[in-house]
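In the order they appear, the protein sequences are chains A and B. Residue numbering for the first sequence follows numbering that gives the first Met the number 0, starting at 0 and increasing by one per position. Residue numbering for the second sequence follows numbering that gives the first Met the number 0, starting at 0 and increasing by one per position. Every residue, glycine too, gets a C-beta built ideally from N, C-alpha and C. This report refers to the structure that appears directly beneath it.
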Amino acid sequence: MYPEKLEKHLLRVQKPGRYTGGELNSVVKDRDSVDISYAFCFPDTYEIGMSHLGMKIIYSLVNSRDDARCERVFAPDVDMEEILRSENIPLYALESGDAVKDFDIIGFTMQYELSYTNVLNMLDLSGLPVRSADRKGLTPLVIAGGTCVCNFEPMADFVDLTLLGDGEEVTMELIDLLKEYKKKGAGKEEFLKAAAQIPGVYVPSLYEVEYKEDGTIAAVTAKDGAPGKAVKRNVADLDKMFSPETFVVPFLETVFDRTTVEIFRGCIRGCRFCQAGFLSRPLREKSPAEVERECRAICDSTGYDEISLCSLSTSDYKGLETLLRSMLPWANENKINIALPSLRVDNFPQELMEQLTSVRRSGLTFAPEAGTQRLRDVINKNITEKEVLSTCAQAFSGGWTAVKLYFMIGLPTETPEDVEGIANLAQAVVDEFYHNENKPKGKSVNVSISVASFVPKPFTPFQWEAQDRPDTLIEKQNLLMQCVKSRKITVSRHVPHTSFLEGVFARGDRRLCDVVEYAWKNGCKFDSWEEHLKLDVWMQSFEKFGIDPFFYTARKRDFDEILPWDHLDFGVTKAFLKRENERAHEGLTTPPCREKCSACGAAKLNGGVCNELCKAVV
Amino acid sequence: MNSVRLWYKKSGLAVYTSHLDMNRCFTRAVRRAGIPLWYTEGFNPHPYLTFLLPLPLGTAGEREPLDIRTVEDISADEIKKRLNAVLPEGLEIVDVTEARDKANEIVSAAYEITACFESGEEAEKFAGAVTGIIGTGALEAEKRSKRGIKTVNLCEFILSFKAKADGNAAVIHTALLTGTQQNLNAGLLEETLEKAAEMSPETLTIVRKEIYKENNELFA
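Rendered as structure tokens:
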């Protein structure tokens, strides 16, 4: 429900359904009936946020407690923000319409770096000081979780604490602790010190960072009893973990208008550019029976007719065939489409494939990521041209005519031949179509290639690498365009400026907090939206604080440099990442976890594929 | 295969749901209710669901027709009961009937527009002003259609019009040409009246009350 004052303005904004609440399955609890109120904030618009699985999990999890309530908050679009500001309506949560500032916990999920200014804007719209130090009371406590918190140093001055790794257990423990401290009337500092003792909690204010003259870090010191290294949380058994059986069903069409069920966390592949893969190790699977139970329950309660089975690499799910054989009859009978993102079709049983596509036919996509085998070995992406072509041949015979290929440019050791290789691979797919005797008659082929710019990320073997400058990336994009000769190939490129900013914040340190605040004060928000990005304001903001942004992006780091995220522990060790970096430069691939353990360090987190391997050894 | 006409009421928060979103919303509701729908055949099968007279964003409806097709016999009462158990707040099935009249028989509809002001005097003034404006028989506005934007006299679309003050509210009862041939959005009429009267209400609700065929016969 929205605040009454807003009523007369609602029909003047785009998509008012974003701001009204009242969707099916939303949970409305009375404020006075609970001890802890949690405002789950997504720092982007409703349509994007409502597609996010993490929010659905935490929402159901917190609301499963009798002593707590969880409500949803999204970044208002520009037209709505204007109204909120001019009418003096503080940012509110969708279920009750209560002001966000009156919640006990304000939790942001951080999925991408370019949403940082939106966090400040949402705090400001709530009527709260953006800096942690200026919010004196115990509540509201401003916290953050999600991928970006593996290095949240550029936002360290704004949040009170972050949650590292899986949120299911640590969120519950944090709520318990806050409830206790709120009851005894404790202060914020006292609470933060205690919270830092919970595994998975990182309190940035309890770590002192000193810098060398060259701008690199001299030392990071923990104080007030905070652990020297804050360790991520890892849920060992996904079958026993809390999983939602119902989702809020939006009225509006969202980005992913379907239901999502996780099949596993972690990844055995070890692609060297992939941050998610390393952050979420070790691989832990849900049993097929549990996945099916969740799929059925969620479809029953939401009415969705599409399920996306979510993981980092669908084909690595051991129970995939068992699951599909058991679930497909039900899905087909109920006209439910099952989407298997990133499925490798080469070894997939043909009859299952036919059943999968019997409801609705979806597109064919591949992510070779690099154009040549040499570079694919460097990044440890084990997909060969032969595999791509043979799968395409199979698909063309089956009636497909469109193929999507995902690539990156700016990868370490990349040469002009590698960029050319992207065009060559796309051309080979086109040729494969025309050479195919069983191709659909009278139809033409469309190969669309999407080229992203590589951004080196923390906790990957490429965390020490230099990122290409925007002008270099544009040169490479232009080279690629010249190499594409066929009109059957369409190329979509990314703006290199957003990758540049993403790179600055991905590997940035605390000195960037001032920059983020200044840029936001000068109108930066929704930076990931091309139409909103104000690069000139960002450049002025860097200059204002004497910071060279290329120090963070274009500089290759030494292995012995203290990195801004070194005092966080996500399982994988620096020694392993270094080994992987060296192997990359030697062009050596590393086998997946199930083939051979590479001693990445995540085994200490317990569970999943590591145990599987240990048992095999015993 | 059976054609069934659902009559639904749209009110409260649901009025902020656009026509396209209503389609999605009802499709899911019918699935949740376990009503055996007939699916279109072809590459992308989807359930057959037709809104006979889509409501504009912001307008509520008392009794709006929506046709579905089922593949099994299922009683009207059962459909109504099952759907009302799963529909979100603001949407309610008020009746389930056979699909008697055709959509192209719709000619007009009755609307109730309630504009609330800060005082009874203002409401009085607004009711008086709009009655005067409509009385002149000329009220021009830009109307958007598939063929582009053109200026039309809205009065040519008005079959009846009565405005009176009730406390702080000005309440307008009006019948407007509605349907595939000629159609006037009650929201556009109200907006144009606001501009002409140079007054802006605090809150506004627009409700479609009834839908008619030729000769003021109720559409069924």
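Item: Mind listing the chain A neighbours of residue 211/B? Cutoff is C-beta to C-beta under 8 Å, in chain order.; Value: Chain A residues near residue 211/B: none, gap ~26 Å exceeds 8 Å.
Item: Going by the CB atoms, is the gap between residue 551/A and residue 509/A shorter than 9 Å?; Value: no
Item: What first and last residue would you give for the beta strand (DSSP E) that runs through residue 480/A?; Value: Looking at the DSSP string, residue 480/A is not in any beta strand (DSSP E); the run it does join, the alpha helix (DSSP H), is 469-482.
Item: Decide if residue 380/A is buried, meaning its Cβ has at least 16 other Cβ atoms within 10 Å, or exposed.; Value: buried
Item: Closer than 9 Å, CB to CB, is residue 68/B near chain A or not?; Value: no
Item: Could you tell me the boundaries of the alpha helix (DSSP H) in which residue 117/A lies?; Value: 115-124
Item: Have a look at 200/B, 100/B and 81/B and flag the residue whose alpha-carbon is nearest the alpha-carbon of residue 93/B.; Value: 81/B
Item: Using a threshold of 9 Å, state whether the C-beta atoms of residue 37/A and residue 61/A are closer than that.; Value: yes
Item: Would you mind listing the beta strand (DSSP E) stretches within the region 184-215 of chain A that are 3+ residues and don't spill past its ends, in chain order?; Value: 206-210
Item: Along the region 155-176 of chain B, what residues have a CB closer than 9 Å to any CB found in chain A?; Value: none
Item: Residues in its own chain within less than 7 Å of residue 26/B by CB, not counting five upstream and five downstream?; Value: 46 and 48
Item: Would you kindly work out how many angstroms separate the C-alpha atoms of residue 392/A and residue 432/A, rounded to a whole number?; Value: 7 Å
Item: Identify the continuous alpha helix (DSSP H) that holds residue 30/B and give its terminal residues.; Value: 18-31
Item: Short of 7 Å in beta carbon distance, which residues of its chain neighbour residue 533/A, apart from the five on each side in sequence? Order them along the chain.; Value: 522 and 523
Item: Using 8 Å as the cut-off, classify the Cβ of residue 181/B as near or not near the heavy atoms of the ligand MG, replying yes or no.; Value: With respect to the ligand MG, the structure shown offers nothing to examine, as it has no ligands at all.
Item: Residue 78/B by DSSP, collapsed to three states: which one?; Value: helix
Item: Residue 191/B to residue 159/B, Cα distance in whole Å?; Value: 17 Å
Item: When you compare only the Cα positions, how much space is there between residue 29/B and residue 554/A?; Value: 57 Å
Item: Give the DSSP-derived three-state secondary structure of residue 6/B in the structure shown.; Value: strand
Item: Output needed in chain order: residues of the region 234-257 of chain A with a Cβ under 9 Å from some Cβ in chain B.; Value: 248, 249, 250, 251, 252 and 256
Item: Please classify residue 530/A as buried or exposed, where buried requires at least 16 neighbouring CB atoms within 10 angstroms.; Value: exposed
Item: Would you kindly check if the distance between the Cβ of residue 199/A and the Cβ of residue 53/A is under 9 Å?; Value: no
Item: Go through its chain and collect everything with a Cβ distance to residue 435/A's Cβ below 8 Å, but skip five positions before and after it.; Value: 392, 395 and 396
Item: Do the region 81-88 of chain A and the region 107-122 of chain A touch if we need at least three Cβ pairs shorter than 8 Å?; Value: no
Item: What's the C-alpha gap between residue 321/A and residue 287/A?; Value: 7 Å
Item: Using C-beta distances below 6 Å, list every residue in its chain close to residue 592/A, excluding the 5 sequence neighbours before and after it, in chain order.; Value: 267 and 608
Item: Is it buried or exposed, residue 467/A, if we count other Cβ atoms within 10 angstroms and call 16 or more buried?; Value: buried
Item: Whole angstroms are fine: how far does the CA of residue 338/A sit from the CA of residue 440/A?; Value: 27 Å
Item: Any beta carbon from chain A within less than 9 Å of residue 118/B's own beta carbon?; Value: no
Item: Give the DSSP-derived three-state secondary structure of residue 292/A in the structure shown.; Value: helix
Item: Between which two residues does the beta strand (DSSP E) containing residue 112/B stretch?; Value: 107-115
Item: What residue does the beta strand (DSSP E) around residue 172/B start on, and which one ends it?; Value: 168-176
Item: Give me whichever residues DSSP pairs with residue 405/A in a beta bridge.; Value: 449/A
Item: So with Cβ pairs under 9 Å, would you call residue 535/A a contact of chain B?; Value: no
Item: List the endpoints of the continuous beta strand (DSSP E) containing residue 144/B.; Value: 139-144
Item: So residue 247/A and residue 22/A are supposed to be a Cβ contact under 8 Å. How far apart are they, rounded?; Value: 5 Å
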